[in-house]
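First the structure, in the form of structure tokens, and then the observations on it.
Protein chains: 2
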Amino acid sequence: MTDFGRATLPYCSFVRPGEERARVGVGVGTDVLDLTAASAARGHVHAGLFAAGSLDPLLAAGPLAWHEVRTFVAASLDAFAEHLSPAAGVELVLPFTVADYVDFYASEHHATNVGRLFRPDGAALTPNWKHLPIGYHGRAGTVVASGTPVRRPSGQTRGHDGTIAFGPTAKLDIEAEIGFVVGAGSTLGEPVPTSSFDDHVFGICVVNDWSARDVQAWEYVPLGPFLGKSFATSVSPWVVPLAALAGARVDPPRQDPEPLAYLQDEDAWGLDLELEVIVNGTVLSRAPYAQMYWTPAQMLAHLTANGAALRPGDLFASGTVSGPEQGQRGSLLELSWNGSHPVLLDDGSSRSFLLDGDRVTIAASARLAGGRRIALGQVDGQVVA
Amino acid sequence: MTDFGRATLPYCSFVRPGEERARVGVGVGTDVLDLTAASAARGHVHAGLFAAGSLDPLLAAGPLAWHEVRTFVAASLDAFAEHLSPAAGVELVLPFTVADYVDFYASEHHATNVGRLFRPDGAALTPNWKHLPIGYHGRAGTVVASGTPVRRPSGQTRGHDGTIAFGPTAKLDIEAEIGFVVGAGSTLGEPVPTSSFDDHVFGICVVNDWSARDVQAWEYVPLGPFLGKSFATSVSPWVVPLAALAGARVDPPRQDPEPLAYLQDEDAWGLDLELEVIVNGTVLSRAPYAQMYWTPAQMLAHLTANGAALRPGDLFASGTVSGPEQGQRGSLLELSWNGSHPVLLDDGSSRSFLLDGDRVTIAASARLAGGRRIALGQVDGQVVA
Chain A
1 MTDFGRATLP YCSFVRPGEE RARVGVGVGT DVLDLTAASA ARGHVHAGLF AAGSLDPLLA
61 AGPLAWHEVR TFVAASLDAF AEHLSPAAGV ELVLPFTVAD YVDFYASEHH ATNVGRLFRP
121 DGAALTPNWK HLPIGYHGRA GTVVASGTPV RRPSGQTRGH DGTIAFGPTA KLDIEAEIGF
181 VVGAGSTLGE PVPTSSFDDH VFGICVVNDW SARDVQAWEY VPLGPFLGKS FATSVSPWVV
241 PLAALAGARV DPPRQDPEPL AYLQDEDAWG LDLELEVIVN GTVLSRAPYA QMYWTPAQML
301 AHLTANGAAL RPGDLFASGT VSGPEQGQRG SLLELSWNGS HPVLLDDGSS RSFLLDGDRV
361 TIAASARLAG GRRIALGQVD GQVVA
Chain B
1 MTDFGRATLP YCSFVRPGEE RARVGVGVGT DVLDLTAASA ARGHVHAGLF AAGSLDPLLA
61 AGPLAWHEVR TFVAASLDAF AEHLSPAAGV ELVLPFTVAD YVDFYASEHH ATNVGRLFRP
121 DGAALTPNWK HLPIGYHGRA GTVVASGTPV RRPSGQTRGH DGTIAFGPTA KLDIEAEIGF
181 VVGAGSTLGE PVPTSSFDDH VFGICVVNDW SARDVQAWEY VPLGPFLGKS FATSVSPWVV
241 PLAALAGARV DPPRQDPEPL AYLQDEDAWG LDLELEVIVN GTVLSRAPYA QMYWTPAQML
301 AHLTANGAAL RPGDLFASGT VSGPEQGQRG SLLELSWNGS HPVLLDDGSS RSFLLDGDRV
361 TIAASARLAG GRRIALGQVD GQVVA
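If you're matching them up, the sequences are chains A and B in order.
UniProt numbering puts the first sequence at residues 1 to 385.
UniProt numbering puts the second sequence at residues 1 to 385.
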């Protein structure tokens, strides 16, 4: 259970034992505040946004409402004792309805590692990589809540001897990512500039983009990843509003070549976050988000540069977060170098890829100016046969 | 306006002049039957499915309800005169809420042509092409109703001299496709076999998957098409139920190599359809669906082979339908051979790709056993600057 500070105030959707209907919650320490009940009891002007129990109406309500609700919660916390209960005692469910899901590929270290592994005879980065944030659409319908068991998927693969076969993946992997949750939509035909990032993006969540590397390697040319990814994408139950991350903004890495005008991010959205990758209790990696090459504002500007409309609930993820060091890589593909250097767990066993029964947690935190670190939630999942 | 025979009975969602709310309609000749009103007036057991005016509840209701509704409509047509009005006098809107959108690449002729154009130095078909139906996820949020103007998208491209620039696409194209509309969903983790195709798929629509070829060519390696496609995908207002296509089933082309067991389609879903591509009134192509290499049942089995769940409203399209002949190609990329052989229009002008103001129609029909041809609807769109 994540212990949230009182300045973070992330949102969730939860169900109390014995109840059917969901409620909107706010994380306060290790408690959850029942915002559906508290806002109704206070007769708050935005109480209607929480009646249905999902974050969908709040997302669609836009930045002024986001600000007003956060101000209301922060100012009233001490008066809310009757609406607090331990988060460990409730069921945290998928917090919003995912409209479209896009996955980017914004870490230079990750893209370089994957390029070396998947295309050993070519340049590690494709020629377009430093000119645009590469991304693709994933399957929104298989985005699942943290804690949902992940069944080892089957798929078609080609063996070293050229044999084509269908069966359970032998290379089940994780990808540690940050997800950006779109609140306010946009109009078809009208690009969203980098400067409007926080008019549209409500907040962030932690994402594990489960991957079947053997399936992906065989299928992905020429139209990109499909079944190697579409079986499950897990998201943290907590959505942390951008407002909580103001103190974690840092300069992103220098971009060379200079990006085209539509990708320039004047008030750059670098974020000093860390993603801890934990398998069966062993911390395998601490991936530094601050080193991501493309900022989320650039991702959003690119995503909409052709006029594609945004809808409330659109989710775009950063792609695997990997730093330059071995202990900073956000996937087993990179950590084990495609199985050639298995990683050791604390129980003495080793892993190239995930085994049935393995429990994976990706926990994110932010380092604020001044050095204080705040928790941002985590995403859990166990592999089942 | 499409003239439907009385055995086709496609569904739509429509809005009457001066009204706000949508109604579910059935195409009868050039009229639309107000099924929302007719079913309510008769107190039909399924009337509730049509109250909201979109096809969403009917899709989710499953095959028994689909059969019962079709039987009710067919049996009652002559008693429905008061609920018929000319389809030309109402607004046909997006008939269902698109959940996930997947685009396949199932025409061997199309994939071969594109491979020759995009990868002139390699084999036209990638090594995986005859082993699995290649597909990728597209943007559900930019699937639009027939008639929606399509604004020429801007995007990033690389010129012949290597210059990277951002601006309006110079290679705006169409893709003539058939879309398969999923009704009944499936459970996460449980693949849908080819034999269950018609338990899940409700019917078909006509799709124009607009494409910006210059954007696509620069962005698509390594993660597939993204902004070159995501600005708009137009669908016909009519969804033709599979039940209307029973007489159009034919054997698909022989598959060599034999597909793996999970892709075998015993009672094969080849369909003898034709897609007419019309630009500014000139018929440029008549693309034969019967020659598609992969059947829609194989596409669905592949899409779910990793356990990916289906939701009502999922849309998967065939990819561009192209036959072996010049006059059977479903994209301008192929028809003009990437601009090297512009096509002539009846007004004396020529086209490599679309110009602002161009009007595109893709009209589909089915040839039933015995040779009679029935209309399946059309998708229209005009390019605006």
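C-beta: ideal position from N, C-alpha, C; glycine also.
Output the distance between the C-alpha atoms of His341/A and Leu333/A, rounded to the nearest integer angstrom. 10 Å
Can you tell me which of the three DSSP states Asp56/B falls into? helix
Can you pull the DSSP bridge partners for Glu68/A? Glu68/A pairs with nothing; no bridge assigned.
Kindly list the residues whose CB is nearer than 7 Å to the CB of Phe14/B, restricted to its own chain and excluding five residues on each side of it in sequence; keep chain order. Ala22, Arg23, Gly25, Val32, Val90, Glu91, Leu92, Val93
Here's the rule: buried if 16 or more other CB atoms are within 10 angstroms of the residue's CB, otherwise exposed. What is Ala246/B? When all chains shown are included, Ala246/B counts as exposed.
I need the DSSP call for Pro168/B, collapsed to helix, strand or coil. strand
Classification of Glu195/A by the beta-carbon crowding that lies within 10 angstroms, buried from 16 upward: Before going on, a small fix: residue 195/A reads as Ser here, not Glu. By the 10 Å Cβ count, Ser195/A comes out exposed.
Could you check the C-alpha separation between Arg119/B and Lys229/A for me, to the nearest Å? 25 Å
Report the three-state DSSP secondary structure of Thr112/A (helix, strand or coil). Of the three classes helix, strand and coil, the one that applies to Thr112/A here is helix, per DSSP.
With 7 Å as the threshold, decide whether the Cβ of Asn338/A is near any Cβ in chain B. Not one beta carbon of chain B lies nearer than 7 Å to the beta carbon of Asn338/A.
Looking only at C-alpha atoms, which of Ala301/B, Asp121/B, Leu275/B, Ser318/B sits nearest to Ser285/B? Measuring from the Cα of Ser285/B, the nearest candidate turns out to be Leu275/B.
Taking DSSP as the reference, what is the three-state secondary structure of Ser196/A? helix
The region 168–179 of chain A: which residues have C-beta closer than 7 Å to a C-beta of chain B, in chain order? Residues of the region 168–179 of chain A with a C-beta less than 7 Å from any C-beta of chain B: none at all.
Report the rounded CA-to-CA distance for Val73/B versus Val239/B, giving the unit in angstroms. 15 Å
Tell me Ala47/A's beta-bridge partners as DSSP assigns them. Ala47/A is not bridged to any residue.
Hey, could you find the ends of the beta strand (DSSP E) Arg286/B is sitting in? 282–288
Identified DSSP bridge partners for Arg151/A: Val384/A
Contacting residues, own chain, Cβ-Cβ under 6 Å from Arg359/A (five flanking each side not counted): Closer than 6 Å at Cβ, skipping near neighbours: Asn280, Gln382.
I need the DSSP call for Asp265/B, collapsed to helix, strand or coil. In the three-state scheme derived from DSSP, where H, G and I count as helix and E and B as strand, Asp265/B is classed as coil.
8 Å Cβ cut-off: residues of chain B touching residue 386/A: Residue 386/A lies beyond the range of chain A shown here (1 to 385); nothing can be said about it.
Taking the straight line between their C-alpha atoms, what separation do you get for Pro168/A and Trp210/A? Straight-line Cα distance between these residues: approximately 14 Å.
Could you tell me which uninterrupted alpha helix (DSSP H) segments, each at least 4 residues in length, are contained entirely in the region 233–264 of chain B, listed from first to last along the chain? DSSP runs (the alpha helix (DSSP H)) wholly in the region 233–264 of chain B: none.
Give the residues of chain A in contact with Arg116/B, contact being defined as C-beta atoms less than 7 Å apart. The contacting residues do not exist; Arg116/B stays about 13 Å from chain A at best.
Go to Asp214/A, then tell me how far its alpha helix (DSSP H) extends in each direction, as first and last residue. For Asp214/A, the enclosing alpha helix (DSSP H) stretches over residues 213–219.
Could you tell me which chain B residues have their CB closer than 9 Å to the CB of Ile204/A, listed as they occur along the chain? Ordered by position in chain B, no residue passes the 9 Å Cβ test against Ile204/A, which lies about 20 Å from the chain.
Given that Phe231/A touches chain B, what residues does it touch there, using C-beta distances under 7 Å? Near Phe231/A (Cβ distances below 7 Å), the residues of chain B are Asn306, Gly307, Ala308.
List the residues of chain A whose Cβ lies closer than 9 Å to the Cβ of Tyr293/B, in chain order. Simply none; closest approach about 15 Å.
Over what stretch of residues does the alpha helix (DSSP H) that includes Val42/A continue unbroken? The sequence shown places Arg at residue 42/A, not Val. Element bounds for Arg42/A: 35–42.
Terminal residues of the continuous alpha helix (DSSP H) containing His341/B? Where His341/B is concerned, there is no enclosing alpha helix (DSSP H), given that its DSSP letter is neither H nor E.
Comparing alpha-carbon positions, which option in Ala364/B, His83/B, Arg372/B, Leu368/B lies nearest Ile178/B? Ala364/B
Opening and closing residue of the alpha helix (DSSP H) in which His302/B lies: 296–303
Would you say Phe226/B reaches chain A, if we count a Cβ-Cβ gap shorter than 7 Å as a contact? yes
Please state whether DSSP places Phe231/B in a helix, a strand or coil. The DSSP-derived three-state label of Phe231/B is coil.
Look at Ser331/B and Asp173/B and say whether their C-beta atoms are less than 7 Å apart. yes
Taking 7 Å as the CB-CB limit, is Arg151/B close to chain A? yes
How big is the Cα-Cα spacing for Pro241/B and Ser336/A? 50 Å
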